[in-house]
Each structure stands twice: as structure tokens, then as C-alpha cells.
Amino acid sequence: MIERLLGWLGETPWSVALLESLYAWPLVESTHVLALGLFVGTTAMMDLRLVGIAFRGVPVQAFTGRLLPWTHIGFAIIAATGVLLFYSQPLRYYHNVFFRVKVLVLIAAGINAFVFHRRAHRNAAKWGADAVPPRAVRAAGAVSLAAWTVVVVTGRLIAYNWFDCDLQPQPDWVNWAAGCAVGSE
């Protein structure tokens, strides 16, 4: 069912036009990468502060107050351009092992950020000026750093077709992870 829907989506005139465009697709991809630099750069700076490695003299609230608006802008741009990139080849991305890992880690990073802002960041007035924040805050920062590193690396690896379903034979675990329908045709 999902494969039929994604196959149809990838054959819509707008999807085909985006993928085959001489200027639109490269512009979308370049914007995605540039905004990723803004988002990951500001996120990494905040995470390094939360872990207690860098910017120890800057209160967390002042730091996040100045960087979060830029982080939100970067995220909005990467989300919009990411949807467009997916729209250009939805079935290929759906079956890409690296894309699947990226999406799972994106979800984990989102949950980590949500929990951090709902819990620890609300109490930042108590610990925000400390050079080394509490353990839960440091853990949230470390998880975020690790998650965004994996997102960036897997995002880059999506371009490579090492594990595409149309390249058979593949190991069974690859066919499973990519959702390849091998031998069922």
C-alpha cells in the first residue's frame, strides 16, 4: 500500500519536474545543506555548552536565548527542503537503508530535544550558570551531539546506492532493512 502511494507520488508531474529540473533540484539540495550547517552549527554549540565542554562562562539561558531562534530557522528550512528532496524520489528514499536510519535517529533526536526543553531547560535558572550542568543535562547534550552526527553522516550516505533494492543480490539483512521485495514478484 505505502509503496503504491509513494510510486504514484514519485510519478506526479511536480515530482518528476523537480527531479529532472536543471536548477530547482540543485537549488533545493544546496539550500538543504547550507541550512543544515546553520542548524547543526548552532545545535552543536548549545550541546557543547550543555555537556560542559565549551562556553562554560556563558549562562545557558543567554546562550539558548540567542541561538535557538537561528536553530529554529535552520530547522524549518531543512525540514521544508528535506520534504522536497523526498518528494523528488519518494520510493527510492523509502527503500534506502541510510534514509531509514536517518529518519529513526531524527525521531530520537526530536524526542531528546522535546524532553530536554520540557524538563531540564525549564529549571535552567537553577543550574544555567554552572560551568558543568547536571548529569541529565549533560546526557541530553551528548545524545543530541551523537544523534545529529549520525543524521549528517547517514544523510550524506543516502546519495550512494550500495544497498538499493534494484542491485541484487544483496545480503538478507539489507533486503530486510531496506524493505526490498525480493523473490516475491
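In the working numbering, the protein residues as written are -14 to 170. Ideal Cβ placement from N, Cα and C applies to all residues, glycine included.
Checklist line | Segment limits, alpha helix (DSSP H) that includes F148 | finding: Counting along the chain, F148 falls outside any alpha helix (DSSP H), and DSSP gives it neither H nor E.
Notebook entry, point to check: Where do the ends of the alpha helix (DSSP H) carrying Q46 lie?
Noted result: 45 to 73
Margin query: Let me make sure I understand the geometry here. Which of R141, V135, Q46 has the alpha-carbon closest to that of H102?
Written below: Q46
Notebook entry, point to check: Which word fits A110, buried or exposed, when buried means at least 16 other C-beta atoms lie within 10 angstroms of its C-beta?
Noted result: exposed
Margin query: On the criterion of 16 or more Cβ atoms from any shown chain inside 10 Å, does G59 qualify as buried, or is it exposed?
Written below: buried
Notebook entry, point to check: If you scan the region 98 to 153 from start to end, which runs of the alpha helix (DSSP H) of 4 or more residues do you find wholly inside it?
Noted result: 109 to 112, 120 to 142
Notebook entry, point to check: In the structure shown, what three-state DSSP assignment does M31 receive?
Noted result: helix
Checklist line | Inter-stretch contact (C-beta, 8 Å, three-pair minimum) for the region 77 to 87 and the region 1 to 12 | finding: no
Notebook entry, point to check: At which residues does the alpha helix (DSSP H) containing P156 begin and terminate?
Noted result: Taken as a continuous stretch (DSSP letters only), P156 belongs to no alpha helix (DSSP H), as it is neither H nor E.
Notebook entry, point to check: Quick one: what's got a C-beta closer than 7 Å to E170's C-beta in the same chain, skipping five residues either side?
Noted result: In this prediction, E170 has a pLDDT of 47, which is less than 50 and means its spatial position is unreliable; what the coordinates show is noted afterwards. If we look at E170 and ignore the five residues flanking it on each side, it has no Cβ neighbours.
Next item on the list: Report all residues from its chain with a CB closer than 7 Å to the CB of V136; omit the five preceding and five following residues, and keep chain order.
Entry: K87, V90, L91, A94
Checklist line | Close-in-space but distant-in-sequence residues of the same chain around L52 (CB under 7 Å, 5 per side omitted) | finding: T27, M30, M31
Notebook entry, point to check: Along the chain, where does the alpha helix (DSSP H) that runs through R(-11) open and close?
Noted result: -13 to -5
Notebook entry, point to check: Taking just the CA atoms, how far does L152 sit from W173?
Noted result: In the structure displayed, the chain extends from -14 to 170; residue 173 sits before or after that span and is not available.
Note to self: Check for me: the alpha helix (DSSP H) holding A2 runs from which residue to which?
What the structure shows: -2 to 5
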